[in-house]
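Participant: To start, I am sharing the structure in question, which I have written as structure tokens.
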Ligand code: TMP
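Numbering (the working numbering), first residue to last: 19 to 253.
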């Protein structure tokens, strides 16, 4: 599908218009950032790997009845998706303690949580994506109460499905971030991407990190980790 004008450029992707007003192209870059853009780098071939990983996961979720913005992946770095207005909320689902949860609660990483933790963040880079709750969503009109209820329901279902998907591939789904969007006709869709940039994925046997924490924490073998996730996700 032909890319027309650039509509938006984010840290890891560029969105282009297409001839179809209902579709856009997500172009996956190799750029990697962490700590709200403070740390910048390149993960070689990340664009291609993340497009393939996210496409495989969106296809799996669609097969299981989750409505996503995914349409097709016509080239290595391009994903055709339904055009949506992104709801300015980042949903984080956590199954195992890590990252900011470990910091906030003063616990070590790697503890299995007895209940999944559902968190909301206000998607605003200039503010560093602060944590919010449903009252902030309502008071600041980030989305309707109905949409928030639906987002929560779907996030828990996606978590269940993705835990099964990754566990069958020898990977523990520690936590991940989701974004949702609404089409012009008001349909709520799972959007953005599902990749090692926004998921913590640990080798179930060795505990080895296979996600962007390798870049954030300078652990080395970043490309190799993404390649391994790609191999497992597409096998
Ligand atoms: P956190 O522990 O830093 O809050 O991250 C939780 C999960 O969300 C982790 O899998 C990485 C993902 N994430 C993003 O995708 N974007 C972000 O801006 C942040 C802070 C986290």
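Where is the CB? At the ideal position from N, CA and C, for every residue including glycine. Keep in mind the model is a prediction, meaning the values are calculated, not measured.
1) Cβ of residue 116 within 7 Å of any heavy atom in the ligand TMP?
2) Can you have a look at residue 224 and say buried or exposed, based on whether 16 or more other CB atoms are within 10 angstroms of its CB?
3) Span of the beta strand (DSSP E) holding residue 221?
4) Taking DSSP as the reference, what is the three-state secondary structure of residue 49?
5) Hey, out of 60, 43 and 185, whose CA is closest to residue 211's CA?
6) Look at the alpha carbon of residue 19 and the alpha carbon of residue 115, and state the distance between them as a whole number of angstroms.
7) Can you find the residues in the same chain that come closer than 6 Å, C-beta to C-beta, to residue 139, ignoring five residues on each side of it along the sequence?
8) Would you grab the beta carbon distance between residue 31 and residue 47 for me? Rounded to a whole angstrom, and I think it's under 8 Å.
9) Taking the straight line between their C-alpha atoms, what separation do you get for residue 236 and residue 80?
10) To which residues does DSSP link residue 139 through a beta bridge?
11) Starting from residue 170, trace the beta strand (DSSP E) in both directions and tell me its first and last residue.
12) Which value, in whole angstroms, describes the spacing of the CA atoms of residue 49 and residue 27?
13) Using a Cβ distance threshold of 8 Å, determine whether the region 162-170 contacts the region 52-70, with at least three qualifying pairs required.
14) Measuring alpha carbon to alpha carbon, tell me which of 45, 51 and 21 ends up nearest residue 37.
15) If you compare alpha carbons, which of 62, 51, 198 and 179 is closest to residue 88?
16) Where does residue 38 fall in DSSP's three states?
17) From this set, 118, 55 and 230, which residue's C-alpha is nearest residue 126's C-alpha?
18) Give me the Cα-Cα distance between residue 228 and residue 52, rounded to the nearest whole angstrom.
19) Just the Cα atoms here: how many angstroms apart are residue 63 and residue 95?
20) Count the other CB atoms, across all protein chains shown, that sit within 10 Å of the CB of residue 209; report buried if there are 16 or more and exposed otherwise.
21) Would you say the beta carbon of residue 15 comes nearer than 7 Å to a heavy atom of the ligand TMP?
Facilitator: A quick look at the data gives this:
1) yes
2) exposed
3) 217-221
4) strand
5) 43
6) 41 Å
7) 108, 147 and 149
8) 6 Å
9) 35 Å
10) 108 and 149
11) Note, residue 170: premise wrong, no beta strand (DSSP E); alpha helix (DSSP H) at 163-185.
12) 12 Å
13) no
14) 21
15) 198
16) coil
17) 118
18) 16 Å
19) 9 Å
20) buried
21) Lying outside 19 to 253, the shown extent of the chain, residue 15 is not represented and no answer is given.
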